[in-house]
Structures are given as structure tokens and as C-alpha cells.
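> First the structure, which I've put down as C-alpha cells, then a few questions once you've had a look.
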Amino acid sequence: MAEDTSSTPLDMSFLDAVPHTYRLLASGGIAGCVAKTMTAPLSRLTILFQVNSALHVGGRPQYANGLLSALRKVMREEGFLAFWKGNGTSVLHRFPYAGINFYSYEKFKEYLGDGSPRNETPFTRLIAGACAGGVACSACYPLDLIRTRLTIQDEGPGREYRSIGHAFRRIAASEGLGGLYRGLGTTLMVAVPNLAISYCIYGTMKEVIYHYKYPTRDVTEASEEEPHFLESLVCGATSGICSSLITYPMDVLRRRLQILGLHPGNHRPGETVGPWNELKTILKHEGPRGLYRGLLPELLKVTPMVGCTFTTYELMKDVLGV
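Read in order, the letters of the sequence shown correspond to residues 1 to 322 in full-length UniProt numbering.
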């Protein structure tokens, strides 16, 4: 009689030979890729809203009629798969970015807390998240810039960039290596507080929920128990919403600065290009609302994406034995 193996757990013992560092990096990288792909349509709409006015100075923006109008326009002119336009670049950027991000956060948190969960506080999470954001963004920024330009360029034989490699070479040749880091300062001004707030809120909410469920248990036990799927989802979504609401105006500036090399004609010759000048341009032509252009698709994207990222990260840590 054949042995019933339907309930036999998957043997993951081969992972013991894989260094802990690689497993932790993979957990974060996979989580980032899964979440990014799931929310790619809203991510593209957000970028289009953010940069659209900059590409049509003096005229009516293409996406001025709102989210549903933008959805119909992209579907009509580019087709359904256009919502994942540039997603290959996004995933190529997201895997190392998310992997480095989560790995750095865990290590900074461990260092600041002297390796003990007892010393973990909202403040240590805030600082660890800020440091992790700075490291990850600086390491992966050229891919982020290329992703933005590939996402917003028009399709067709006359398109500016044919591929990731072509974009890299074209930007380096026409703008210098510094062109690959255009807008990095603004990006850090977004990512550092964004991730600091996100990690702080997520970790603190998770700790509060754990103590509510198990009031008599020690804090060291909380670090060894994976949170429930729904708990991770809610904590992650909440942290994403809060961090985005605070840092969104700087994210708009970041995107505008990234596309200046693609559409240099939008600024007068000799005009100083930088965050403060771009801020004045937005306020002059669009008013304060211009700093929140695309906020709705951003929140619709961030809520499931951050929730999914943290949830998948917790799951992958469990699967990979981190």
C-alpha cells in the first residue's frame, strides 16, 4: 500500500547551507517584487499624474480629468498590458532595493538595540528605518531613474530609450554619470523620512497588537513569533498611508527632477534647475494642489503594496528560516 505523503511538510533543510545574510536579502527582495508587480498599474498612473504637468507646460495636461479618465486613456491608446509598462525595470530595481532595505533595517535595528529586542523602541525603529532608506536608495538609484524615464516615454520607433541598457548608456553619454543620479538628493529627502515613519509605525503597531493578544508574555517572545497574515497586512497598509501622506509633495518634486534630462525644453536656457526652483515652478503654474497631483492613485497603490510587502517579507522569513 502506497504511503500517504499528502501532509508531509516540504523539506527545506537545503537552505541551512545558505548564509543567513543571503536568505534575509532574498526575503526582502522577493517581497518587494511581489508587491511591486501586484500594484504596477497604479504605480504607472501615479507617475503619469506626477510628471504630466511638467511635460505639458502652458497646455492642458493629458490626465486632467481624473483617475478614471486616465485609466480609459491608457487602455484606449496603449492597451491593457501598458499598465505594466516598465515593470521589468521596476522589478530589476525592486529586488536589490527591497533586499538591501530590509537587510539594512534589521542590522541597524540590531545595532541600535545592542542585539536585544528589549531595547527596541519606536525611536530605534525610526532611526533604523531612516538609515536603511538612505543606504538602499543610494545603492539602487540609477535603476529608479531609468525606470521612471522608461515608464513615461511615448512608445513607437522614435522613443528615446529602447531598453534598460540603452537608457543607461544614453543617459551616461548625454548627461554624464552624474545624470544617473539626477534628483538623488530629493529622493533621499523622500525615502529617508518615508521609510523611517513606515518601519516605526509597522513595528510599533505589531508590538501593540502582540501585547494585546498576549499580555503576560515577554517582549523577547514577540520577536520569535510571526504575526498573523491579516495583522501584517493591516499594520503595513496603515504605515504606508501615514508615511505617504507626509512625504508625497517631495515625491512629486523627485519625479519632476528625474525627467528634466528627458524633456529639457520645459525650462528656459540658463534657468537654475533644482528642488527649490522646481517647487516654485509647481506653485506658480499649478498652485499647492500641484504638490498632491496623483495622490489618490498613490494611496490606492501604497495601501496594498506596503501591506503586501511586509506580509510577504514575514512569510518569506518563515519559509527561508530567517
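Ideal Cβ placement from N, Cα and C applies to all residues, glycine included.
Measure the Cβ-Cβ separation of Ala132 and Tyr111 and say whether it is below 9 Å.
Result no, Cβ atoms of Ala132 and Tyr111 do not sit closer than 9 Å.
> Could you give the distance in angstroms between the alpha-carbon of Met205 and the alpha-carbon of Glu231?
Rounded to the nearest angstrom, the two C-alpha atoms are 9 Å apart.
> Taking the alpha-carbon of Gly99 as reference, which of Leu45, Thr21, Ala40 has the nearest alpha-carbon?
Among Leu45, Thr21, Ala40, the Cα nearest to that of Gly99 belongs to Thr21.
> In three-state terms, what does DSSP make of Ser116?
Here Ser116 sits in coil by DSSP.
> Quick one: residues in its chain with C-beta nearer than 6 Å to the C-beta of Pro275, no 5 flanking neighbours on either side, listed in chain order?
Closer than 6 Å at the Cβ level, and outside the excluded window around Pro275, lie Thr186, Leu253.
> Return the Cβ separation of Glu298 and Thr46 in integer angstroms, given the expectation that the two are a contact with Cβ distance under 8 Å.
At roughly 5 Å, the Cβ-Cβ gap stays under 8 Å, so Glu298 and Thr46 are in contact.
> State buried or exposed for Ser243, treating a residue as buried only when at least 16 other CB atoms are found within 10 Å of its CB.
When all chains shown are included, Ser243 counts as buried.
> So Ile201 and Thr238 are supposed to be a Cβ contact under 8 Å. How far apart are they, rounded?
With 8 Å as the limit, Ile201 and Thr238 qualify as a contact, their Cβ atoms being about 6 Å apart.
> According to DSSP, is Ser163 part of a helix, a strand, or is it coil?
Coil.
> Quick one, are the C-beta atoms of Phe108 and Gly28 less than 9 Å apart?
No, the pair does not count as a contact, with Cβ atoms beyond the cut-off.
> Could you compute how far the alpha carbon of Ala130 sits from the alpha carbon of Leu180?
Rounded to the nearest angstrom, the two C-alpha atoms are 23 Å apart.
> Just to confirm before moving on: does the CB-CB distance between Thr151 and Gly86 stay below 9 Å?
For Thr151 and Gly86, yes; Cβs fall inside 9 Å.
> On the three-state DSSP scale, how would you describe residue 383?
Since the first residue of the chain shown is 1 and the last is 322, residue 383 is not available in this structure.
> Hey, how far is the Cα of Cys308 from the Cα of Arg162?
Taking the straight line from one Cα to the other gives about 31 Å.
> Buried or exposed, going by whether 16 or more other CB atoms sit within 10 Å of the CB of Gly165?
Under this definition Gly165 is an exposed residue.
> Quick one: grab the DSSP three-state call for Thr309.
Looking at Thr309 - three-state DSSP - the assignment turns out to be helix.
> Which of helix, strand or coil does DSSP assign to Leu320?
Three-state DSSP puts Leu320 in coil, outside helix and strand.
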